[in-house]
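Beneath this line is the structure, given in structure tokens, with notes to follow.
Residue numbers (mature numbering (1 follows the signal peptide of the UniProt record, and there is no 0)): -21 to -1, 1 to 832.
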């Protein structure tokens, strides 16, 4: 009575059985929605099976007694599950070693694939309110202590929530929602089907293995679909696989909504469609897919429909190539022949059996009502075609029945005083208490007749194992289920997933070629991926790597910088050694500059030899032969110091080239300055008795040159001590795969002081020579000095921007060119006119000619 009160409080009506008092027969005054099969036994096992998939609309008004109504659309596959339960019970009853002298019975009901009818049938079972009809007698079935079912996760959740109040165990054969592993919420729920958490993991592995990074997902609007997609998205996170769209199949199966989903599938670039929906929802979608000829996709099926022959029967080869995950298939001895030879004779008076038989074979038992199309009489000899059943879910039903049988056997084997309950008590057998049976079910360990070890973990789940099924087109044009791989979580993460690609027939018209399902084409080596703004990570552009960086793999997220002394090749796919480059004596430019340097030094020596040979002539003596000799020697050093700039830089050469350049040019300019001052003072000191020249004698000239040189030597010494010029490298940029060896100036201030001091002396020389430019024509030393300083200053003024803007070794070439140009300018402008007179016009090399004006 307490249970009845609770049921009434929950809104469930308990309908009485009305017995006809006139005769021996009885009738069911109010027939329940679910129809059942019953067999007596010492213990009755309940079974919930969705044999029909369309339940009538429930009456929520509760203002009148509901007239008897029936479910529609029989599902032969589910009916086979029910018959598998019956087959297993009979097999156990005939086994003398298992439950001897103990008989199992069953009470199996149709749930109509609806939560309300499932819960109604479950409550009727556990309360003993399920009506049964056997022949002409109606009876009340005894209450059951355990239920096998339900097939749906959503219905199992409803039933498990309710039955947990009474500690009644449930063993589901097909409810795979991961949420049902929650022992806190569902303490009495167990199952022989793996959790969807493993199926989602296997599915993610498949997508990643095939390189399908852009996929579509379609799910049902129920717990199975929502939980499955949530698990799948969790597994795909970080795997490189993105979901283009996620469409939900409405339970109303509204045609407009279904059509919109198919249009979304057609418009997407995703060639792979993953489904997470129960059979009826998937069927509605796939029928629309076939109707709209949107079959050019690779379908990924879950265990809910991957092995259902119902789909392949009406879709033909439209869905050929489908890949799916199926529960492990096991050939159960005798079950195949039992199902093919199935006849309604044993349960001929059962309404459920008659209804299924009539719907499957399109016939009719008994007299036919004239309304509607006429159908032939059922003979009961109709045969189910062999091969229509794929024994995957059936094996789960088979294991569920055996788990209950072995649990009962463990209960029977309990020894008094050694039981698992308080004070070592053993469980009650007649009747069996659900709570005690639940205790034994959780701990049961057994081996099935096919040789598999079966047990439940702490969450009530079995070990996860799936067959990977591929829909092939058979010889007769029919779809066949071919196993092409497997997933077994017990083998560990390295060996759990296996797929034989050679056996796979691909869908969407790809045939033997693996479908390509990506948002963006693979980025080749030499490029990197750049995610498109506002889009998932799988949608990207391919950006070429910059100079000095490479990517040697497809779809590289980043380019890798080449190590030191290496550079990227033209394709940006590998690092190659840089070409070491410097201004060498083997380069054309180095050869030219070396020749010019050597020629300048040789020419200077020639002029010096000519001046020494003609040192007693008036022209040489008038030009202060000592200063001329010193000037020529310093010019020779200027020409030779250019050679120090050519060749591979070394610490000694870097320090030598700059100091030698700075000091030699200062000596040269000091000599020119001294000559300019002497000339200017000599021709300006015209007053009688003036003795100014005594301050510019040979000793003072030497002292001036020494002092000017000493200042430059001091600057160079401080430069070398504080921050000397040292070899350095310059690579990358516009230079490409080259490393240029240079001499870094070290201290920019020291380098600037050296050049600045040279520039100061050149400017002073130019100004003094400019003031003396109008001296007598026959003695035009100042004019020549003016021209030489003009060339000198022009060269070094042009040197600064050219030096700064020149790349690599051309920087050194510019500096060498400036040294040679300024040296040639001094040599030619100052000494060419004198050499012309000395060598070619000796008649003018006379004192009279020198003093003509």
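Note that CB positions come from ideal geometry on N, CA and C, so glycine has one too.
- Task: Taking 8 Å as the threshold, find out whether the stretch 372 to 383 comes into contact with the stretch 143 to 153 through three or more Cβ pairs.
- Result: Segment contact: the stretch 372 to 383 against the stretch 143 to 153, three or more CB-CB distances shorter than 8 Å; contact assigned.
- Close beta carbons around residue 260, own chain, < 7 Å, minus the five adjacent residues each side: Numbered from its first residue, the chain shown carries residue 260 at position 281. Non-local C-beta neighbours of residue 260 in its own chain, meaning closer than 7 Å and more than five positions away in sequence, comprise 199 and 228, ordered along the chain.
- Task: Let me know if residue 89 comes out buried or exposed under the rule of 16 or more other beta-carbons within 10 Å of its beta-carbon.
- Result: Numbered from 1 along the chain shown, position 110 holds the residue referred to as residue 89. Buried: at least 16 other Cβ atoms inside 10 Å.
- Message: Pop quiz: residue 331 and residue 102 are said to be a contact at Cβ under 8 Å. What is the actual Cβ separation, rounded to whole angstroms?
- Response: Translated into the one-based positions of the chain shown, residue 331 becomes position 352. Translated into the one-based positions of the chain shown, residue 102 becomes position 123. About 18 Å separates the beta carbons of residue 331 and residue 102, which is beyond the 8 Å limit, so they are not a contact pair.
- Alpha carbon of residue 737 to alpha carbon of residue 641, nearest angstrom: Against the chain shown, residue 737 aligns to sequence position 758. Against the chain shown, residue 641 aligns to sequence position 662. Taking the straight line joining both Cα atoms gives about 7 Å.
- Query: Sorted by chain position, which residues of the same chain lie with C-beta nearer than 7 Å to residue 329's C-beta, five sequence neighbours on each side aside?
  - Reply: Here residue 329 refers to the residue found at position 350 of the chain shown. Here the set comprises 16.
- Query: Relative to the alpha-carbon of residue 745, which residue among 242, 241 and 770 has its alpha-carbon at the smallest distance?
  - Reply: Taking the first residue of the chain shown as 1, we reach residue 745 at position 766. Taking only the C-alpha atoms, the option nearest residue 745 is 770.
- Using the C-alpha atoms, what's the distance from residue 237 back to residue 127? Translated into positions along the chain shown, residue 127 becomes position 148. Translated into positions along the chain shown, residue 237 becomes position 258. Within the model, the alpha-carbon separation for residue 127 versus residue 237 is close to 33 Å.
- Would you kindly work out how many angstroms separate the C-alpha atoms of residue 544 and residue 557, rounded to a whole number? For the purposes of this step, residue 544 is taken as the residue at position 565 of the chain shown. For the purposes of this step, residue 557 is taken as the residue at position 578 of the chain shown. Cα-Cα distance, rounded: 6 Å.
- Round the Cβ separation of residue 32 and residue 92 to the nearest angstrom and send it over; I've been treating them as touching at under 8 Å. The residue given as residue 32 occupies position 53 in the chain shown. The residue given as residue 92 occupies position 113 in the chain shown. Right, their Cβ atoms sit about 4 Å apart.
- Item | Outcome for residue 801 when other beta-carbon atoms lying within 10 angstroms are tallied against a minimum of 16 | Working through the chain shown from its first residue, we reach residue 801 at position 822. It counts as buried.
- Cα-Cα separation between residue 108 and residue 249, rounded to whole angstroms: On the chain shown, position 129 is the one that residue 108 refers to. On the chain shown, position 270 is the one that residue 249 refers to. Looking at the two C-alpha atoms, the distance is approximately 52 Å.
- Task: Would you mind listing the beta strand (DSSP E) stretches within the stretch 43 to 101 that are 3+ residues and don't spill past its ends, in chain order?
- Result: Fully enclosed beta strand (DSSP E) runs of 3 or longer: 51 to 53 and 83 to 89.
- Task: Just mark residue 353 as buried or exposed, buried being the case when its beta carbon has 16 or more other beta carbons within 10 Å.
- Result: Here residue 353 refers to the residue found at position 374 when the chain shown is read from its first residue. Taking every protein chain shown into account, the CB of residue 353 has fewer than 16 other CB atoms within 10 angstroms, so this residue is exposed.
- Determine the closest residue to residue 209 out of 218, 184, 156 and 240, with distance taken between C-alpha atoms. Residue numbering aside, residue 209 sits at position 230 when the chain shown is read from its first letter. Distance from the Cα of residue 209 is smallest, within the candidate group 218, 184, 156 and 240, for 156.
- When the Cβ atoms of the stretch 485 to 494 are set against those of the stretch 273 to 285, are three or more pairs found closer than 8 Å? With three or more CB-CB distances shorter than 8 Å, the stretch 485 to 494 counts as touching the stretch 273 to 285.
- Message: I'd like to confirm the pairing. Which residues does DSSP put opposite residue 289 in its beta bridges?
- Response: Along the chain shown, one-based indexing puts residue 289 at 310. Bridge partners of residue 289: none, in fact.
- Look at the alpha carbon of residue 29 and the alpha carbon of residue 258, and state the distance between them as a whole number of angstroms. Walking along the chain shown from the start, residue 29 turns up at place 50. Walking along the chain shown from the start, residue 258 turns up at place 279. If you draw a straight line from the Cα of residue 29 to the Cα of residue 258, it comes to about 11 Å.
- Task: Just list the alpha helix (DSSP H) runs in the stretch 725 to 803, keeping only unbroken ones of 4 residues or longer that don't cross its boundaries, in chain order.
- Result: DSSP runs (the alpha helix (DSSP H)) wholly in the stretch 725 to 803: 727 to 750 and 760 to 784.
- Following the continuous alpha helix (DSSP H) through residue 234, name the residue where it begins and the one where it ends. The residue given as residue 234 occupies position 255 in the chain shown. According to the DSSP assignment, residue 234 belongs to the alpha helix (DSSP H) that extends over 234 to 246.
- Query: From residue 541 to residue 708, what distance separates their C-alpha atoms?
  - Reply: By 1-based counting over the chain shown, the position of residue 541 is 562. By 1-based counting over the chain shown, the position of residue 708 is 729. Roughly 16 Å separates the two Cα atoms.
- Message: Within a Cβ cutoff of 7 Å, which residues of the same chain sit near residue 688, ignoring the five residues on either side of it in sequence?
- Response: The residue labelled residue 688 in the question sits at position 709 within the chain shown. Once the five neighbours on either side are set aside, the close Cβ partners of residue 688 are 642, 645, 646 and 649.
- Residue nearest to residue 723 in terms of C-alpha spacing, selected from 693, 630, 767 and 129: Start at 1 with the first residue of the chain shown, and residue 723 comes out as number 744. For residue 723, the nearest C-alpha among the options comes from 630.
- Message: Could you give the first and the last residue of the continuous beta strand (DSSP E) run that contains residue 151?
- Response: As a position in the chain shown, residue 151 is number 172, starting the count at 1. Segment 149 to 151, the beta strand (DSSP E) holding residue 151.
- Please say whether residue 309 and residue 429 have beta carbons closer to each other than 7 Å? Walking along the chain shown from the start, residue 429 turns up at place 450. Walking along the chain shown from the start, residue 309 turns up at place 330. Yes, Cβ-Cβ distance for residue 429 and residue 309 is below 7 Å.
- Item | Length-filtered (3 minimum) beta strand (DSSP E) runs lying within the stretch 125 to 173 | Those beta strand (DSSP E) runs which fall completely within the stretch 125 to 173 and span 3+ residues are 125 to 127, 149 to 151 and 168 to 170.
- List the whole-angstrom C-beta distance separating residue 72 from residue 82, where the pair is believed to meet the contact cut-off of C-beta under 8 Å. Reading the chain shown from its first residue, position 93 is the one you call residue 72. Reading the chain shown from its first residue, position 103 is the one you call residue 82. Sure, about 6 Å apart at Cβ, within 8 Å.
- Message: Would the stretch 600 to 615 count as touching the stretch 802 to 822 if we require 3 or more Cβ pairs under 8 Å?
- Response: Contact between the stretch 600 to 615 and the stretch 802 to 822 is present, because at least three Cβ pairs lie under 8 Å.
- Under the rule that 16 or more other beta-carbon atoms within 10 Å means buried, what is residue 821, buried or exposed? Position 842 of the chain shown, counted from the first residue, corresponds to residue 821. Taking every protein chain shown into account, the CB of residue 821 has fewer than 16 other CB atoms within 10 angstroms, so this residue is exposed.
- Query: How many Å lie between residue 341 and residue 298 at the Cα?
  - Reply: In the chain shown, the residue the question calls residue 341 occupies position 362. In the chain shown, the residue the question calls residue 298 occupies position 319. Per the coordinates, the alpha-carbon of residue 341 lies some 27 Å from the alpha-carbon of residue 298.
- Query: What residue range is occupied by the uninterrupted alpha helix (DSSP H) comprising residue 833?
  - Reply: The structure shown does not extend to residue 833, since the chain is modelled only from -21 to 832, so the question has no answer here.
- Are residue 564 and residue 625 close, meaning C-beta to C-beta below 7 Å? Taking the chain shown and counting its residues from 1, the one referred to as residue 564 is at position 585. Taking the chain shown and counting its residues from 1, the one referred to as residue 625 is at position 646. Remark: C-beta atoms of residue 564 and residue 625 approach each other more closely than 7 Å.
- Query: Is it right to say residue 54 is buried, meaning 16 or more other beta carbons lie within 10 angstroms of its own, or is it exposed?
  - Reply: Taking the first residue of the chain shown as 1, we reach residue 54 at position 75. In this structure residue 54 is buried. Its beta-carbon is surrounded by 16 or more other beta-carbon atoms within 10 angstroms.
- Does DSSP classify residue 378 as helix, strand or coil? Locating residue 378 in the chain shown gives position 399, counting from the first residue. DSSP, reduced to helix, strand and coil, places residue 378 within a helical segment of the structure shown.
- Is residue 2 buried or exposed, if buried means 16 or more other CB atoms sit within 10 Å of its CB? By one-based count along the chain shown, residue 2 stands at place 23. With a pLDDT of only 38 at residue 2, under the threshold of 50, the placement of this residue in the model should not be trusted, and no figure is reported.
- How big is the Cα-Cα spacing for residue 701 and residue 779? Walking along the chain shown from the start, residue 701 turns up at place 722. Walking along the chain shown from the start, residue 779 turns up at place 800. About 24 Å.
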